[in-house]
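Notes to accompany the following structure.
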Ligand code: SF4
Ligand code: SF4
Ligand code: SF4
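Residue numbers (our numbering): 921 to 1351.
This is the structure in structure tokens:
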């Protein structure tokens, strides 16, 4: 039977999430409950309709609207009270291992220039943002139909484009070039690492240091879009990108606590790069919505799968490419249309599976050839559009220093500290 405890949030993490939401002027308990139940929805333990009904009134009371991206069934059935708790899983799902801890530990790292936090999150400011958001959402595919990645997300070949990645962990040597490229291309503020490379050791994988580059997973069934009360976090219908409309986001941080992967970065203060230095082309997508480059103050940001490139704003030749992929000299990152069998991520997977050994002649740092593949926290039911080649970190994996430090690359990071010190440090700021 499905119960409210099916998706457990470890007490330390709940405490960290509570602290994080307490920094906003919005309802902390509501955010925590929404996050937990959105994960139950993706895990098949709660129906979308039941989730919608359970929180609708409270969301309207708190935000004066409910614009969550929910895939609702027949409205008549909903009104009649049908659509209760859905499929029932065993509830445990999550092994509570390294990947979970990585996701948990990633939260709470916000670029902070020392500005007053509360000053950027007053509800008064939200009203203006909502008005702009309403205009912004009239120009095309808006949030709400929940079908963006459609059939392709379930592993079937779908129509249209579905952007995704194959990341080959056997090839990655932890050089951090992808992090730098993303940081620079998107004008990110210090500490907002949309791409993040974990270095870890795992006694079940020999003595080598292993690496795991982590972007937003652009989940087909994303908890973050289900909790956003104002519809800022949404799935782009035309290609499955999960994006944040910066005009609409009110900085409630509900998406951040709902994401199992810890990929969201809240922009506390004035961004390091002013808007005047960023071309509109890199910020406004082909629907006319402000979803690209770094977010403004008081707004949530994360990897966009380089939406400006996909919209042709950097030239036709950059469509189907990303900055991190381009910067990787080890051929570890492969981006493209997952619906196209000949796209780089599909081709890499196929060719790598067919090959017998990893080509190490020019790449001595590459690891042995292993063809196992996995998705991060697959059991959560989020259906990520990122697939990894290599061995998944086990519960015994632990984060270590990599061969290249973040400081050397001009990056800021304090995640390892958090992993080492747990919840105590997790509320800390970027150095
Ligand atoms: S990984 Fe990205 S799409 Fe998936 S829940 Fe987190 S923020 Fe949303
Ligand atoms: S995108 Fe903005 S408004 Fe939506 S949940 Fe995230 S922080 Fe809140
Ligand atoms: S896909 Fe683009 S936004 Fe995402 S991590 Fe790579 S460079 Fe950054």
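Ideal Cβ positions, reconstructed from N, Cα and C, are used throughout, including at glycine. On a predicted model such as this, the values are computed, not experimentally measured, just so you know.
| Item | Value |
| --- | --- |
| Status (buried if at least 16 other CB within 10 Å, exposed otherwise) for residue 1273 | exposed |
| Sequence-ordered residues whose beta carbon comes within less than 6 Å of a heavy atom of ligand 1 | 1136, 1137, 1138, 1139, 1142, 1143, 1144, 1162, 1179, 1181, 1183, 1184, 1222 and 1302 |
| Coil, strand or helix - residue 1112 by DSSP | coil |
| Closest Cα partner of residue 1205 within the set 1248, 975, 1159 and 1237 | 1159 |
| Residue range of the unbroken beta strand (DSSP E) whose run includes residue 1153 | 1153-1155 |
| Residue 1121 - DSSP class collapsed to helix/strand/coil | strand |
| Beta-bridge partners of residue 1286, as assigned by DSSP | The partner list for residue 1286 (beta bridge, DSSP) is empty, contrary to what the question assumes. |
| contact_flag[the region 1083-1093, the region 1241-1253] where n(CB pairs < 8 Å) is 3 or more | yes |
| is_contact[residue 958, chain D] using C-beta, thresh 7 Å | Of the chains in the structure shown, none is chain D; there is only one protein chain. |
| Residue 1130, enclosing beta strand (DSSP E) - first and last residue | 1129-1134 |
| Residue 1283 versus residue 1244 - alpha carbon distance | 18 Å |
| Enclosing alpha helix (DSSP H) for residue 1356 [first to last residue] | This structure cannot speak to residue 1356, because the chain is shown only from 921 to 1351. |
| DSSP three-state assignment for residue 949, whether helix, strand or coil | helix |
| C-beta atoms of residue 1320 and residue 1197 nearer than 7 Å | no |
| Closest residue to residue 1188 among 1220, 1178 and 1227 (Cα-Cα distance) | 1220 |
| Proximity below 7 Å, CB of residue 937 to CB of residue 950 | no |
| Inter-residue spacing [alpha-carbon to alpha-carbon] between residue 1110 and residue 1103 | 9 Å |
| Beta-carbon gap between residue 987 and residue 1150 smaller than 7 Å | yes |
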